[in-house]
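Chain order of the listed sequences is A and B. The opening residue of the first sequence carries number 1 in this note's numbering; numbering runs sequentially from there. The opening residue of the second sequence carries number 1 in this note's numbering; numbering runs sequentially from there. Glycine included, C-beta positions come from ideal geometry on N, C-alpha and C.
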Amino acid sequence: MAESSAFRWTRRHLLSLEALSAQEINHILDTAVSLKEVSTRSIKKVPALRGRVMVNAFFEDSTRTRISFSLAASRMSADVLDFSEKGSSVSKGETLIDTARNIEAMGIDIIVLRHPAAGSAEVLARTVKCSVVNAGDGAHEHPTQGLLDLYTIRERFGRVEGLTVAIVGDIANSRVARSDLWGLTKLGAKVILVGPTTLLPRSFEALGATVAHDFDAVAGEVDVINMLRVQFERIKSSQFPTVREFTRLFGLTPERFGRCKKDVFVMHPGPMNRGIEIGSEIADGPLSGILTQVSNGLAVRMAVLFLVSQAGME
Amino acid sequence: MSGLLIQGGTVIDPSRNMRQRADVLLRDGVVAAVGMNLAASPGDRVIDAAGKFVTPGLIDLHVHFREPGDEEEETIATGSAAAVAGGFTTVCCMPNTKPALDNEGQIEFVLREAQRVGLARVLPVGAITKNREGRELSEIGSMLSRGAVAMSDDGVGVADASVMRKALQYVRMFDGLIMQHCEEPTLSGGSMHAGVVSTSLGLTGMPPEAEQLMIARDLLLNRTIGCRYHVQHVSTAWSVELIRRAKRDGQNVTAEVSPHHLLLTDEACRGYDTVYKMNPPLRTAGDVRACIEGVKDGTIDLLATDHAPHRAEEKELEFPDAPFGIIGLECALPLYIKALVEPGHIDWMKLIAMMSSEQARVIRLDRGTLKEGAAADVTVIDPELEWTIDAKKFASRSRNCPFNGWKVRGRAVMTIAGGDVKWELNG
Chain A
1 MAESSAFRWT
11 RRHLLSLEAL
21 SAQEINHILD
31 TAVSLKEVST
41 RSIKKVPALR
51 GRVMVNAFFE
61 DSTRTRISFS
71 LAASRMSADV
81 LDFSEKGSSV
91 SKGETLIDTA
101 RNIEAMGIDI
111 IVLRHPAAGS
121 AEVLARTVKC
131 SVVNAGDGAH
141 EHPTQGLLDL
151 YTIRERFGRV
161 EGLTVAIVGD
171 IANSRVARSD
181 LWGLTKLGAK
191 VILVGPTTLL
201 PRSFEALGAT
211 VAHDFDAVAG
221 EVDVINMLRV
231 QFERIKSSQF
241 PTVREFTRLF
251 GLTPERFGRC
261 KKDVFVMHPG
271 PMNRGIEIGS
281 EIADGPLSGI
291 LTQVSNGLAV
301 RMAVLFLVSQ
311 AGME
Chain B
1 MSGLLIQGGT
11 VIDPSRNMRQ
21 RADVLLRDGV
31 VAAVGMNLAA
41 SPGDRVIDAA
51 GKFVTPGLID
61 LHVHFREPGD
71 EEEETIATGS
81 AAAVAGGFTT
91 VCCMPNTKPA
101 LDNEGQIEFV
111 LREAQRVGLA
121 RVLPVGAITK
131 NREGRELSEI
141 GSMLSRGAVA
151 MSDDGVGVAD
161 ASVMRKALQY
171 VRMFDGLIMQ
181 HCEEPTLSGG
191 SMHAGVVSTS
201 LGLTGMPPEA
211 EQLMIARDLL
221 LNRTIGCRYH
231 VQHVSTAWSV
241 ELIRRAKRDG
251 QNVTAEVSPH
261 HLLLTDEACR
271 GYDTVYKMNP
281 PLRTAGDVRA
291 CIEGVKDGTI
301 DLLATDHAPH
311 RAEEKELEFP
321 DAPFGIIGLE
331 CALPLYIKAL
341 VEPGHIDWMK
351 LIAMMSSEQA
361 RVIRLDRGTL
371 KEGAAADVTV
381 IDPELEWTID
391 AKKFASRSRN
401 CPFNGWKVRG
411 RAVMTIAGGD
421 VKWELNG
């Protein structure tokens, strides 16, 4: 952490963890450490972003990510606007770029974008002058979720390097899995992706992961298990046959949990399907970091908003 | 009647394996003479072609001119202008217009409009099935008799095996040509090649097997039928191998490739720029090598463009929603020079053959040759001219070209069709 204190952050946008260096990721996490304390004060506010305007531009349903960004911005004294519209450019008859230019014309400093199309944040960042923070673009990345997962793991173990982390479930369609994979491997963790062959193509090996289809075979060797949410619509597209069989093969059931290390750390990006991908007694148990993840999300998003707007000023 | 004397150039005429310094005299719409020291008659225009190649007019059997229906993307007039600006004197336009070219009236409309425009010869390809829906055969016989040059549902393949078998049988009756866009729809449906890059970008992939499956199926169906069958825009290594084996077995099959499948890979999709979104998608470096190998060993017969204009507003959509396709007529020649001639994969004779005489052979057109008496379609090429591709200057109505800004060598400098100069550089 000493090395990152001298580090100067220069990025105006946060679009992916794939693009960041380990040093940049650590700098965000270190900044979040110092900002986490703000939430413990009686007056939970610092003036760092006073006079700045952040808009939540959400083109997909989301509650917790939107609220987390809103709260992070208000803790930093920024003004917050909410813009929600469902669907793609095609259904609206206005392109994302046009919508964003309109938003920007109102004098916005930061656009936080959630959009169903992969790459939308990157394309937007090329077009507008303000900062863009990716809050999830299709199946591509969800970098602040990746950062809060890293933060939570680092807080729990004091390090990320050398840990073995399993990410379990619908990997192919998961932006969380991709951001976690990039962040964890850059910080020196070993990542085992676990899921059915239909939702976990071999091409993930080329991105630096170990690919596994037998959860029981790897359960005993991991320090962290990150369970992804099951998307029921994958049954219709024949990517797995039934929820029951998915739970048997890939759910974190009490029996399977018994095969894990005694101090295994359990995570979930939410919202959970209790009893499907994760048993309630595990989710609510002493080894669960699920609510800590939510709290840490706030600190990480405060850090991200602060850093991109500092870079935007220069 | 006055003529044209093209003087001092090097004639490359693959139809008789000729590459030598010679003059070419065009008169009354035909090639009057090819030889040394030809004399001009009074009134003839004399063109100095010293240092230039004089070739049969280039032919491209795969373009989209969008008329009728999407005239703001391209028209037969603007598409023809783009064709002659790229050195092409004959092009075959695909039937995926709105409405589709699926009846004799539409075929006649294209022919008449192209004649009115009077630049390139535009030969319509009729739809195999009504409205390209893949269910019922269109009036194939009527369209062929009115001048349709081949049949295709391009944009999509004929997915139903039973309909496809009937199409092969029916078109065989007229000794016609089927051009197939090979893509099994139940296996496709993404927005780029399925592989490591699509995995990392989080985009849904189009597996190469979708293309290979339809090629394999059609070759199997056609094995006993023997219809003239042409594979459009080959893009995968196994597609090339399937066609190679079918040819070895003596099957009636030809194939084409597009410039982008020889010069770009799916790596170009990083950054989500929709100018790299096309169908078939950009594949891997291994696929590119296999396609080049297919060109070298004759598995792939033709160099086409798949010129596919789209409005900028449409290409500004998010990557999964943007339409497939790029334009190619005005830069295909230098791109094929860069992909195939400069690295030494093929020589100029083969390049010109694959862009003229071989194209004429596949569509059975009496062109693609500079023999005396042939139609006076001629392209004059400056093989050394270095220039930068600038899509803003294209005659095409659209600008969706991933090669914009590329530095290239070689360019058509004059395009002559029917004995008339239709286009000349800076002219």
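Inset, instruction - Quick one: list the residues of chain A neighbouring D287 (chain B), beta-carbon separation under 9 angstroms, in chain order. - result: None at all; the shortest Cβ gap to chain A is about 15 angstroms.
Legend entry - For E314 (chain B) and S320 (chain B), believed in contact at Cβ under 8 angstroms, the rounded distance: Looking at the sequence shown, residue 320 (chain B) is not Ser but Pro. Not a contact, Cβ separation roughly 13 angstroms.
Inset, instruction - Mind the definition here: the segment 148-159 of chain B touches the segment 112-128 of chain B only if three or more C-beta pairs lie below 8 angstroms; say whether that holds. - result: yes
Inset, instruction - Enumerate in chain order the residues of its own chain whose CB-to-CB distance from T78 (chain B) is below 7 angstroms, with the five nearest sequence positions on each side excluded. - result: A395, S396 and R397
Inset, instruction - Could you tell me whether the Cβ of S120 (chain A) comes closer than 7 angstroms to any Cβ of chain B? - result: yes
Legend entry - Minimum length 3: unbroken beta strand (DSSP E) runs contained in the segment 85-154 of chain B: 88-93 and 121-126
Inset, instruction - Find the nearest neighbour of L150 (chain A) within the set A:S309, A:I282 and A:N296, judged by alpha-carbon distance. - result: A:N296
Inset, instruction - Could you name the residues of the same chain whose beta carbon sits closer than 7 angstroms to that of L25 (chain B), not counting the 5 residues immediately before and after it, in chain order? - result: G3, L5, A32, A33 and L38
Inset, instruction - Apply the 10 Å Cβ neighbour rule to L35 (chain A) and answer buried if 16 or more other Cβ atoms are within range, or exposed otherwise. - result: buried
Inset, instruction - Please check if any C-beta of chain A sits within less than 7 angstroms of the C-beta of F324 (chain B). - result: no
Inset, instruction - Would you mind reading off the limits of the alpha helix (DSSP H) that contains W238 (chain B)? - result: A237 to R248
Legend entry - chain B contacts made by the segment 191-213 of chain A, where a contact means CB separation under 8 angstroms: P201, S203, F204, A206 and L207
Legend entry - Whole-angstrom C-beta distance between Q359 (chain B) and G368 (chain B), which should lie under 8 angstroms: 6 angstroms
Inset, instruction - Return no unless some Cβ of chain A is closer than 7 angstroms to the Cβ of T224 (chain B). - result: no
Inset, instruction - May I ask which residues mark the beginning and end of the alpha helix (DSSP H) holding W182 (chain A)? - result: R175 to K186
Legend entry - Alpha-carbon spacing of D306 (chain B) relative to R270 (chain B), whole angstroms: 23 angstroms
Legend entry - Partners in chain B for R178 (chain A), counting only beta-carbon separations shorter than 7 angstroms: G202
Inset, instruction - Answer yes or no: do T379 (chain B) and G8 (chain B) have a C-beta to C-beta separation smaller than 7 angstroms? - result: no
Legend entry - C-beta neighbour in chain B for H13 (chain A), strict 7 angstroms: no
Inset, instruction - Round the Cβ separation of A22 (chain B) and M36 (chain B) to the nearest angstrom and send it over; I've been treating them as touching at under 8 angstroms. - result: 6 angstroms
Legend entry - Contact list for F319 (chain B) against chain A, beta-carbon separation under 7 angstroms: A117, A118 and G119
Inset, instruction - Check the Cβ of E141 (chain A) against every Cβ in chain B and list those closer than 8 angstroms, keeping chain order. - result: G202
Inset, instruction - Can you have a look at F7 (chain A) and say buried or exposed, based on whether 16 or more other CB atoms are within 10 angstroms of its CB? - result: exposed
Inset, instruction - Say whether chain A places a C-beta atom closer than 7 angstroms to the C-beta of E316 (chain B). - result: yes
Inset, instruction - Tell me whether D420 (chain B) sits in a helix, a strand or coil according to DSSP, three-state version. - result: strand
Legend entry - Rounded Cβ spacing between P280 (chain B) and E211 (chain B) (contact assumed at less than 8 angstroms): 6 angstroms
Legend entry - Cutoff 7 angstroms: T199 (chain B) Cβ touching any chain A Cβ: yes
Legend entry - Closest Cα partner of P95 (chain B) within the set B:R223, B:V84, B:E108 and B:D175: B:E108
Inset, instruction - Check P281 (chain B) in the structure and name its three-state DSSP category. - result: coil
Inset, instruction - Spatial neighbours of A2 (chain A) within its chain, please: CB distance less than 6 angstroms, with the 5 preceding and 5 following residues excluded, ordered by chain position. - result: In this prediction, A2 (chain A) scores a pLDDT of 44, lower than 50, which makes its location untrustworthy; the coordinate-derived value is nonetheless stated afterwards. Correct list: empty, nothing qualifies.
Legend entry - Contacts around V211 (chain A), its chain only, beta-carbon distance under 7 angstroms, and the 5 residues preceding and following it disregarded: L193, L200, R202, F204 and E205
Legend entry - H260 (chain B) - containing alpha helix (DSSP H), residue span: H260 to L263
Legend entry - CB contact below 7 angstroms: Y272 (chain B) versus chain A: yes
Inset, instruction - Output, in sequence order along the chain, the residues in the segment 184-198 of chain B whose CB is closer than 7 angstroms to any CB in chain A. - result: G195 and V196
Inset, instruction - Report the three-state DSSP secondary structure of S288 (chain A) (helix, strand or coil). - result: strand
Legend entry - Identity of the residue in B:I346, B:R245 and B:P207 nearest T284 (chain B) by Cα: B:P207
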